[in-house]
Structure formats: structure tokens, C-alpha cells
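Since the structure comes first, as C-alpha cells, the remarks are kept for the end.
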Amino acid sequence: MDNILVAKEVSKHYGRHTALNKISLEIPENSIYGLLGPNGAGKTTLIRIINQITHPDSGEVLLAGQPLHPKHISMIGYLPEERGLYKSMKVGEQVLYLAQLKGLSKNDAKQRLKFWFDRLEIGDWWNRKVQELSKGMAQKIQFIVTVLHEPKLLIFDEPFSGFDPINANIIKDEILQLKQNGTSIIFSTHRMESVEELCEYIALIHKSEKILDGRLSDIKKAYKNNVYKVGLESGQGEMILRGLSNKFQIISSHYSKAERQLDFTIQLPSGDTRNILTQLAAKGNINNFVETIPSASDIFIQTVQGKNKV
Amino acid sequence: MNKLPLIVKREYLAKVRNKTFVVMTFLSPFLMVGMVVLVAFLTKVNDSDQKTIGILNESKYFLNDFHSTESVSYVDFKDIGLQEAKDSVAGMGFYGLLYIPKESGLESVADHSFFFTNDSPSSSILDRLERVFQDRLRMGKLQQLGISSKEFEEMDQPFEIRTANFDGQRNLKGINEIKALIGGGFGYLIMMFIIIYGGFVMRSVIEEKTSRIIEVIISSVKPFQLMMGKIIGTSLAGITQFVIWIVSGILLLAVSIYVFDIDLGVGAGPSLASGDVSNMMATPTHDTMQLYAAELLKIPWGTLVGFFIVYFILGYLIYSSIYSAIGAAVDNETDTQQFIFPIIMPLMLAIYVGFFSVFNNPNGPIAVAFSLFPLTSPIVMMMRLSGGIGGSGVPAWQLIASILILIGTFIAIVWLAAKIYRVGILTYGKKPTYKEMLKWLRY
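Residue numbers (UniProt numbering), protein chains in the order written: chain Y, 1 to 310; chain V, 1 to 443.
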């Protein structure tokens with residue numbers, strides 16, 4: 001698969017502060033890519049470089065195989081973290097203006113705006129001033145402005161902050177629809193759990209450096225450590241636990257004699273679960289048996305701690 | 001596609017649709033003309049208030065020295081006592097009573113004279129009375145030295161040195177001042193425009209920052225384009241406002257002069273005639289008036305307006321780029337104070353230097369230096385330029401040098417301002433310092 005965006009050893013310094021240290025990324029076309037890391041890690045700087053708001057001190061960024069060029073601006077849709085609108089301008093005028101800045105002609109912009117306004121059911125806002133809108137309403141407008149010129153690459157910085165759950169879902173669905181239509185999407189956020197389910201690929205950025213990147217499922221496979229959560233219905237919980245702890249490492253456990261319910265977390269030596277399942281099945285009804293897959297933020301913490309140890 | 005016109009258009013519309021702006025545009029001419037009408041009216045009322053002063057003269061001096069004028073009239077009391085005179089002055093509502101006692105000798109009389117009033121007397125009235133005494137005393141002294149009163153009057157003849165340039169054409173005294181005043185008017189216009197609309201540019205930058213739209217915009221256009229679009233759009237709005245002001249101001253003034261029957265000379269006339277300024281243009285004869293008019297027509301208006309446009313554009317661009325850099329560096333308007341003062345200072349300096357230095361000596365070293373220094377040259381050079389180019393006016397090389405320096409500065413300042421702007425607009429929550437801004441220049 002082709003990459004929509006490739007970053008090669010991109011570095012950026014502000015005075016003595018290093019914002020990005022030789023970051024390399026490959027973002028496959030038509031994927032959802034999560035750029036994850038805590039605040040101040042350098043995500044926004046990287047995004048600004050992709051948007052040509054700032055320029056890297058060294059390194060190179062290729063968009064669709066070509067070094068960044070002003071003409072690429074119209075291929076990118078960017079919803080920044082610090083986003084807003086002209087308060088005293090009317091909604092319609094404002095979106096037309098912003099669309100024209102992205103290179104759309106006035107007529108094209110009008111047609112597409114009509115489509116989007118209908119789709120998000122905000123058609124009657126056209127002549128209202130932005131200052132009359134609620135925050136959620138303004139966010140919808142900003143979303144439309146971001147996607148209106150049908151960019152090949154969409155970049156959302158902290159996409160769901162400020163959205164109420166209903167609007168967040170609407171926008172999420174729209175983004176997935178755009179992906180279906182072939183758009184590549186970058187999510188940048190420090191709230192990793194908010195985008196985890198959407199991302200196919202992630203990169204973890206920490207203190208200006210990339211510490212990990214790749215396909216999310218691969219990363220999870222690599223980071224899973226054969227820990228399982230088990231629920232078992234049995235009146236002999238204590239005995240079962242004692243028997244298991246001889247052979248395996250029990251991480252935590254809870255047994256309620258009255259309810260005949262034993263819950264525990266267990267670390268298995270390998271990914272082979274058949275053996276233990278047969279053993280357990282002989283002792284009682286198994287309510288659940290789930291492999292605990294590490295979340296992106298677990299992986300992040302684990303990686304950061306691992307790095308710090310070295 | 002060039003996006004600059006789009007930005008200019010938006011900035012222009014955003015400005016001219018702004019309610020405060022619209023109100024100011026249409027209200028200001030009324031306010032200004034209203035002020036003129038009010039001042040003229042008040043002056044008229046003031047002048048029509050003639051003060052009456054009673055004089056009780058028991059001496060043999062000063063018998064024919066007090067002449068009634070438009071603003072003061074004198075009433076002589078005869079053969080009554082001081083107390084009676086005081087009573088009648090109070091009874092008739094006179095302004096005051098001048099008492100000249102019977103003494104031997106002029107000086108003694110003068111020494112013992114009194115002026116009685118209810119309130120503390122106005123200084124203009126006192127001046128008037130004192131001048132009569134002074135003249136009379138001086139004349140008395142001179143008479144003692146054997147000079148007749150006729151000779152004394154001749155001695156007091158006003159004298160004006162006749163001036164001419166080397167071509168033998170008659171030069172007019174005060175014409176330099178008048179010319180500089182006209183140039184100063186242009187310079188003043190530049191200063192006002194910079195301060196008003198530079199401030200608008202700055203506030204508009206701050207608005208984009210606080211409304212957080214800035215990053216959306218500069219992901220579509222270059223910060224420099226946005227900055228220039230803002231400056232141009234705002235200045236076009238400013239020019240629109242100025243044109244409306246001038247046109248409607250002139251119309252209104254014409255109408256109100258017609259309606260209220262105001263003599264605009266009223267305000268200027270009396271104060272000029274009585275003040276020391278009058279010595280400069282004491283009773284200009286018809287002949288000299290014509291010369292002044294001819295001289296004013298000779299002012300190179302074309303050159304003046306042409307260079308006004310050049311200096312106006314360059315000066316405004318320089319200053320408004322600085323204003324936009326400041327706007328970008330701060331988070332709110334209260335933080336701008338510390339940066340505004342250094343901008344206003346050269347402008348003020350230019351005006352003061354202009355009025356003090358250029359008026360006296362349009363080609364003196366100070367005038368030349370300030371008309372070359374780029375932050376003051378738009379104003380100071382305009383003042384000098386009313387004298388024309390070459391000859392007795394501004395040497396051509398100075399004009400060219402000044403414009404070249406201005407263009408060079410313009411490029412440098414816009415470049416620096418754009419750098420500060422670029423970093424500043426994306427910086428939130430930091431109270432900017434000069435040190436910080438210097439650092440931004442290296443980013």
C-alpha cells in the first residue's frame with residue numbers, strides 16, 4: 001500500500017528547546033492513524049509542519065510522494081486544537097470565506113456547503129452570527145470547514161475535546177464515512193482511549209521522540225503478555241486458587257463463597273489456553289475467560305517506563 | 001490562486017460593517033462641525049458681552065486716553081466722591097471702577113490709581129488699562145527728555161524689514177510658517193491615520209488570536225499574506241472613512257455656515273489683533289494679501305499631494321506592521337500598553353520637532369536629520385516639502401535619500417514584524433517581553 005505521508009528524520013528546535021527530534025513516520029493511504037502522546041510531546045509541532053505552518057529545521061516530509069509544496073495545502077484538511085471562528089461574522093459568509101481560502105471557487109463552495117448543511121441539519125444557521133451559536137454548533141461548522149474542500153488527508157488535533165457525546169458520535173460517523181470514501185485520517189490526541197478503537201495505525205510520541213509506531217493490532221500482539229481474566233462458578237474457590245497458584249502466577253483474585261463466584265487474573269506462560277481451560281472446566285462453570293489486551297495508554301506507559309530504565 | 005484579495009476584502013468588509021465604525025464614520029463630521037459651530041457661537045456671545053468700566057478721574061492726566069472698544073466701554077464720572085462712584089458703579093452693574101486720584105505729577109498719579117471690581121479682574125481688562133498707563137508714563141519720561149508727543153507717535157511706528165530672494169522677488173514674512181503649517185497638516189494627517197488605523201490592525205490581530213481562528217486560517221494561507229491583507233484591508237476602510245469625513249465635513253460646514261450665519265473670522269480675528277501675533281502680520285494691506293495668496297498658490301500642491309501619498313503609504317505600512325506584530329505577541333489588549341508607547345513616541349517627536357524646528361528653519365540640521373530618519377520622515381518631510389523641491393525648498397538628494405531609507409526600513413520592518421507575527425499568533429498564555437520577541441526572530 002502507498003503512503004499518503006512520509007516523514008523522514010524531521011527535527012524542529014525552538015531556541016534551545018527541541019520540539020521534534022528526528023521523527024520518522026509512514027502513514028498509509030486510506031488509513032486512520034493515531035498520533036498519540038502526552039501534552040507537549042511535539043504532536044502539534046509535527047502537525048504544523050505537515051500543514052506548512054512551520055518548517056522543519058532538518059528532515060523531509062513527503063505528501064503523496066512529493067516534498068511538501070504550497071500547492072499541497074488544498075490537499076489537507078486541518079482541524080487544529082485551538083480552533084475558533086470569527087465571532088461577528090455570519091456563518092454562511094464565514095464558511096464561504098474559509099472555503100475560498102482553501103482554493104475552492106465560490107460556486108463550488110456554495111454547492112458543497114449546501115450538501116453539508118443539509119447533512120448535519122444546520123441549514124437555517126446560514127445567516128446567523130457565530131457569536132449566537134453554542135460551542136457544539138460552532139464545532140460542527142468547524143468540521144464542515146475542515147472537510148469541505150475534500151482533502152486527501154484529514155488531520156484532527158484533539159478531535160473530540162469540546163464535543164458533547166451526541167455531536168462527537170455524529171462527527172465520528174462522518175469521519176468513518178470519509179475514510180470509506182478513501183480519505184486518510186490522522187488523529188492527534190493525548191486522550192488515547194478516545195481514538196483507540198478508530199485507529200488502525202498509531203505512533204507514540206514522547207518528549208519530542210517517536211518511541212513506537214506501527215499497526216495497532218501488531219503492537220498489541222507484541223505487547224500482550226498472556227494475562228487472562230477468568231470468572232468461574234464454584235463453591236470451592238479457595239481450593240482452586242491454591243491449586244492454580246502452585247503452577248501459575250495469580251495477579252489478583254476475588255472469591256465470594258455466598259455467591260459461589262471466583263474471579264481472578266492469571267498470567268500464563270504462553271498463549272496456550274487449551275490446557276488451563278480444560279482444567280478449569282472440570283471445576284465448574286466458566287463465566288468468562290478474556291485475554292487482557294493492553295490499551296494504547298498501557299503500552300505507552302510501559303514503553304516510557306522501559307525507556308526510562310535503560 | 002492569489003488569496004490576498006480575498007483577505008483584503010474580508011478585512012475591509014469586517015471593518016466597515018462594524019457598528020462602532022459606522023457610527024463613528026457618520027457621527028464624527030457632525031461632532032466636529034458641531035464643535036466649530038459651538039466655538040464660533042460662544043466666541044460671538046462672548047464678544048457681544050461688552051464690559052463697562054466707570055472712570056473717576058480727579059487728576060489732570062489721562063483725560064483722552066481711554067477709548068471704548070467692542071468689548072470694553074468707559075463711562076466718565078464727574079464731580080462725585082469715590083464712595084458715590086463706587087455705589088453707582090455697583091448700582092448700574094458696571095464691571096469695575098478705575099479711580100485716578102488727584103496727585104502732583106504723573107508718576108504719583110499712576111502710583112495711586114486703583115481699579116475696583118467685585119470679582120478678581122480679568123487679565124485682558126487689566127492688560128488694557130495697564131497699557132494705557134504704561135504708554136502715558138513712557139511718553140511722560142520722553143517728554144522730560146525733550147521729545148514731543150508727535151515725535152513719540154512716529155517713534156512707535158511699526159517696522160517691518162523688507163525681504164526678497166536673490167532673484168529680486170519679494171519674500172513674505174511668515175510665509176514659511178504658513179507653508180510649514182500646510183505641510184504640517186499633511187504630516188498630522190499621516191500621524192492620526194497611523195495611530196487610529198494601526199490600532200485597528202492590532203485589535204483585529206488580537207481578535208483572531210482570542211477567537212482561535214488564526215490557526216485555521218494560516219493552515220490555508222501564509223501568515224505574511226494574512227498580515228498584509230489585514231493591513232491593506234484596514235487601511236482601505238480607513239481611507240473610506242477619511243473620505244466620508246472630509247466630504248461630509250465640508251458639506252456640513254458649508255451648510256452650517258449658511259444656516260447659522262457664522263463668520264469664521266470671528267474666532268481668529270480679535271485674538272490675532274490684540275495678541276502679539278499681530279505684529280507678524282500687522283494690518284496687511286490689500287497688496288500684501290494678494291502676495292500671500294499668490295504665494296499660497298505657488299505652493300507645489302501637485303508635488304505635495306504626490307509625495308503625501310508616497311510617504312503616507314510607506315509610513316503607514318511600516319507602523320501598521322509593527323502594530324500587527326504587537327497584536328500577534330499579546331493575548332489581550334491590556335498587554336499592549338508597554339509596546340504602544342515606543343511606537344507613539346517617534347510620531348509625537350516628529351510632530352513636535354516639525355512644529356518647533358521645521359517652522360523656524362526648514363533646512364536646518366535637525367529638520368534634515370528628522371526628515372531622513374525613517375520613523376519620523378513621513379511627517380517631518382511633509383512639513384518641509386511645502387517649500388517645494390530644490391532652490392529654497394528641500395534639496396532633491398535629501399528627498400530621494402529619505403524615500404530610499406524609508407523603503408529600506410519598510411522592507412526590514414515588515415520582514416521582522418512578519419517573523420514576530422508568525423510565531424506570536426500561535427503563542428498563547430505567555431506575557432511577551434522584548435527579550436522573548438527577539439528570540440522569536442531567530443525561530
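Every residue gets a Cβ at the ideal spot worked out from N, C-alpha and C, and that includes glycine.
Let me see if you follow: with CB-CB separation under 8 angstroms, is Leu6(V) close to chain Y or not? yes
Decide yes or no for the touch test of the segment 337–350 of chain V against the segment 403–421 of chain V: beta carbon pairs closer than 8 angstroms, at least 3 of them. no
Alpha helix (DSSP H) runs wholly inside the segment 134–181 of chain Y, at least 4 long, in chain order: 135–147, 165–180
What are the boundary residues of the alpha helix (DSSP H) that Pro346(V) is part of? 337–353
Distance, Glu196(Y) Cα to Ser217(Y) Cα: 11 angstroms
Going by CA-CA distance only, name the one from Val305(V), Phe116(V), Leu347(V) that's closest to Ala94(V). Note that residue 94(V) is Phe in the sequence shown here, rather than Ala. Per the Cα distances, Phe116(V).
Distance, Cα to Cα, residue 318(Y) vs Thr18(Y)? Chain Y is shown from 1 up to 310; residue 318(Y) falls before or after that span and cannot be answered.
By DSSP, does Met281(V) sit in helix, in strand, or in coil? Note that Met281(V) has pLDDT 43, beneath the 50 cutoff, so the model's placement of it is unreliable and the number below is only indicative. Reduced to three states, the DSSP call for Met281(V) is coil.
Could you tell me which chain Y residues have their CB closer than 7 angstroms to the CB of Lys3(V), listed as they occur along the chain? Leu101
Among Ser256(Y), Gln249(Y), Gln305(Y), Arg215(Y), which one has its Cα closest to the Cα of Ile27(Y)? Arg215(Y)
Flag this pair as yes or no: are the beta carbons of Ile326(V) and Ala350(V) separated by less than 8 angstroms? no
Taking only runs of the alpha helix (DSSP H) that begin and end inside the segment 241–298 of chain Y, which ones reach a length of at least 4 residues, in chain order? 274–283
Same chain, Cβ closer than 7 angstroms to Tyr421(V), five either side skipped, listed in chain order: Pro223, Met227, Ser324, Ala325, Ala328
Shorter than 8 angstroms from the beta carbon of Asn3(Y) to some beta carbon of chain V? no
Taking Cβ to Cβ, would you say Asn275(Y) is nearer than 8 angstroms to Leu232(Y)? no
Interfacial residues, the segment 50–68 of chain Y to chain V, with Cβ spacing under 9 angstroms: Asn51, Gln52, Ile53, Thr54
Can you tell me the Cα-Cα spacing of Val423(V) and Val290(Y), whole angstroms? 50 angstroms
Any C-beta of chain Y within less than 7 angstroms: which residues of the segment 190–223 of chain V qualify? Ser211, Arg212, Ile213, Glu215, Val216, Ile217, Ile218, Ser219, Ser220, Val221
Buried or exposed: Leu251(V), going by 16 or more other Cβ atoms within 10 Å of its Cβ? exposed
Listed by chain order, chain Y residues near Ala14(V) by CB distance under 8 angstroms: Tyr86, Ser88, Met89
Evaluate Pro159(Y) with the Cβ neighbour count: other Cβ atoms within 10 Å of its Cβ, from every protein chain shown; 16 or more gives buried, anything less gives exposed. buried
Three or more C-beta pairs closer than 8 angstroms, one from the segment 126–146 of chain Y and one from the segment 81–89 of chain Y: is that the case here? yes
Candidates Ala258(Y), Lys207(Y), Gly284(Y), of which the one nearest Lys307(Y) by Cα: Lys207(Y)
Whole beta strand (DSSP E) runs in the segment 179–209 of chain Y with 3 or more residues, listed along the chain? 184–189, 201–206
Anything in chain Y within Cβ reach of Lys44(V), meaning under 7 angstroms, just list it in chain order. Within chain Y, no residue comes near Lys44(V); the closest Cβ sits about 45 angstroms away, beyond 7 angstroms.
Exposed or buried, Gln241(V), counting other C-beta atoms within 10 Å across all chains shown (16 or more means buried)? buried
Using the Cβ count rule (16 or more neighbours within 10 Å means buried), how would you classify Ile171(Y)? buried
So, is the C-beta of Val147(Y) closer than 8 angstroms to a C-beta in chain V? no
Beta-carbon neighbours of Gly40(Y), restricted to chain V and to distances below 7 angstroms: Correct list: empty, because the minimum Cβ distance to chain V is about 13 angstroms.
Just to confirm the assignment, what range does the alpha helix (DSSP H) spanning Leu35(Y) have? That residue, Leu35(Y), is in no alpha helix (DSSP H); its beta strand (DSSP E) goes 32–36.
Give the straight-line distance between the Cα atoms of Gly148(Y) and Glu60(Y), rounded to the nearest whole angstrom. The residue asked about is misnamed: residue 148(Y) is Leu in this sequence, not Gly. So the two alpha carbons sit approximately 28 angstroms from each other.
For residue 313(Y), count the other beta carbons within 10 Å of its own beta carbon; 16 or more makes it buried, fewer makes it exposed. Which is it? Residue numbering for chain Y in the displayed model covers 1 to 310; residue 313(Y) lies beyond these limits and cannot be assessed.
Which residue comes first and which comes last in the beta strand (DSSP E) that contains Ile55(V)? 51–57
Can you confirm whether Leu98(Y), when its beta carbon is compared against all beta carbons of chain V, has any partner nearer than 8 angstroms? yes
Is it true that the CB of Pro269(Y) sits closer than 8 angstroms to the CB of Lys220(Y)? no
For the segment 114–140 of chain Y, which residues have a beta carbon sitting closer than 7 angstroms to at least one beta carbon of chain V? none
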